[in-house]
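Participant: All letters in the sequence shown, in the order written, are residues 924 to 1238 by our numbering.
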Amino acid sequence: MRNFLPPGSALFLVLVASVAMARERIPSVRSVYVRNSEWETANQLFVTRDVTTVLRFQQSCTEAGTKMLGWEGRFEPVQCAGKRVLVEPIQKLEPEDRFLLVVRLADGTEVPFTVSGSSWKEGEWPDQQVNVFLKPDDPDALRNQLEESKARERELWEQLRVESFTGSSENHTLAALLTQGAVRFTPFVFRKAWIFKNEDSNIQASVLTDGKEKVAVLFRVTNKASSNPWRLMDARLFVLPPGFQPPLFVGEARPFALRTDKKVIPPGETGFVAVVADKSVFDPPRGPSNLTLGIFRHDGMLAAHVTLDRRLFKK
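(1) Give a yes or no on contact between the stretch 1021-1028 and the stretch 966-984, applying the rule of three or more CB pairs nearer than 8 Å.
(2) T1244 lies in the beta strand (DSSP E); which residues open and close that run?
(3) By the DSSP assignment, the alpha helix (DSSP H) with E1093 in it spans what residues?
(4) Check whether the Cβ atoms of L1163 and F1179 sit closer than 8 Å, and answer yes or no.
(5) So the candidates are F1195, I1118, V1053; which of them puts its Cα closest to the Cα of L968?
(6) Just to confirm, is the Cβ distance from I1126 to V1144 under 8 Å?
(7) According to DSSP, simplified to helix, strand and coil, what is P1012?
(8) Taking the alpha carbon of D1133 as the point to measure from, which residue in A1158, R1107, S1124, N1121 has its own alpha carbon closest?
(9) Do L1016 and G993 count as a contact pair if the criterion is CB distance below 8 Å?
(10) Spatial neighbours of R958 within its chain, please: C-beta separation below 7 Å, excluding the five flanking residues on both sides.
(11) Return helix, strand or coil for A987, following the three-state DSSP convention.
(12) For a quick check, are the C-beta atoms of V974 and T989 less than 8 Å apart?
(13) Going straight from the alpha carbon of A1099 to that of L1069, what length do you get?
(14) Applying the criterion that 16 or more other CB atoms from any shown protein chain within 10 Å of the CB defines a buried residue, is S1149 buried or exposed?
(15) Considering only residues of the same chain and omitting the five flanking positions on each side of Q1103, which have a CB-CB separation below 7 Å?
(16) Quick check: does the Cβ of I1218 come within less than 7 Å of any heavy atom belonging to the ligand NAP?
(17) Under 8 Å between the Cβ atoms of W1117 and A1128?
(18) Does the beta-carbon distance from S951 to N1067 come in below 8 Å?
(19) Can you round the beta-carbon distance between R979 and P1012 to whole angstroms, since I take them to be within the 8 Å contact cut?
(20) Could you name the residues of the same chain whose beta carbon sits closer than 7 Å to that of I1188, not counting the 5 residues immediately before and after it, in chain order?
(21) Considering only DSSP beta bridges, list what H1228 is partnered with.
(22) Can you tell which of F1113, P1049, W1043 has its C-alpha closest to the C-alpha of V1010?
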């Protein structure tokens, strides 16, 4: 076997590794910008049991003036630590639960919050840190808003890359049926499966074909994490060069259709990712080849991969 990679592949691998390291374990941090006219309106704070949520201000808070109504037996005592306020529930809270928290700052300003139980609905995820800016036009606040804008732009580009595979073709329809457990309404039959046991998830990857024109892979993802959701960042299908072993995501990319049944898989729950491709993906311009398919979780790490052998279509 020749010991070299296709042109440009080394750079590709370095870039993938760098992205994965940069995204690993990104904390749930958001910012709240409060103007003078809004101080009487309570901002929402989402918390979860046995996890400390930190409110970070631009000035120190006062222990005596910072209070939460009805916290006894549900929360640890609210603590002021310099410019930070620490909130930690000791019981499970529901999204409909409401507790009023008032933070008094060193200059006498009182900032109200409504504390609620978190969920995995969009906009209700647990807060790990909330940065509170009472003067949104100050330089620190403006810099923070610029950084958030850049982060949202990167997230939108990632979402666009995934959604570029989620159109409305026949293959997309078949993939959607697979994610809903409706295999009987498709032409596919089961061929083989792999099981991947990761730190945060268990994944079963099942390969199916119609025997003639199409191949599908259904990933059953169970989130084992205690508090973090599981999200799909990307899926990639590449030609596997002769003599190389998977997982190898370099070289020529091949087209496919993708569908998921959930944008986010909450802790303890299961979701599905389905990929459908035509038989022609096994016949790139350089000649018939096997393929490698991988799915990547939200931090850029490879979660599962399968090798697709063109002999799947042989009788």
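Glycine included, each C-beta is placed from N, C-alpha and C at the ideal position.
Facilitator: Walking through what the data contain:
(1) yes
(2) Nothing can be reported for residue 1244: it is not among the residues displayed for the chain, which extend from 924 to 1238.
(3) 1093-1102
(4) no
(5) V1053
(6) yes
(7) In the structure shown, P1012 adopts extended strand secondary structure according to DSSP, grouped into three states.
(8) R1107
(9) no
(10) P1059
(11) coil
(12) no
(13) 37 Å
(14) exposed
(15) For Q1103, where only same-chain residues beyond five positions count, the Cβ hits under 7 Å are D1184.
(16) Judged by which ligands are present, the structure shown has none, so any question about the ligand NAP falls away.
(17) For the pair W1117 and A1128, the CB atoms are nearer than the 8 Å cut-off.
(18) no
(19) Not confirmed; about 19 Å, so no contact.
(20) V1144, N1146, P1152, W1153, G1194
(21) G1217
(22) P1049
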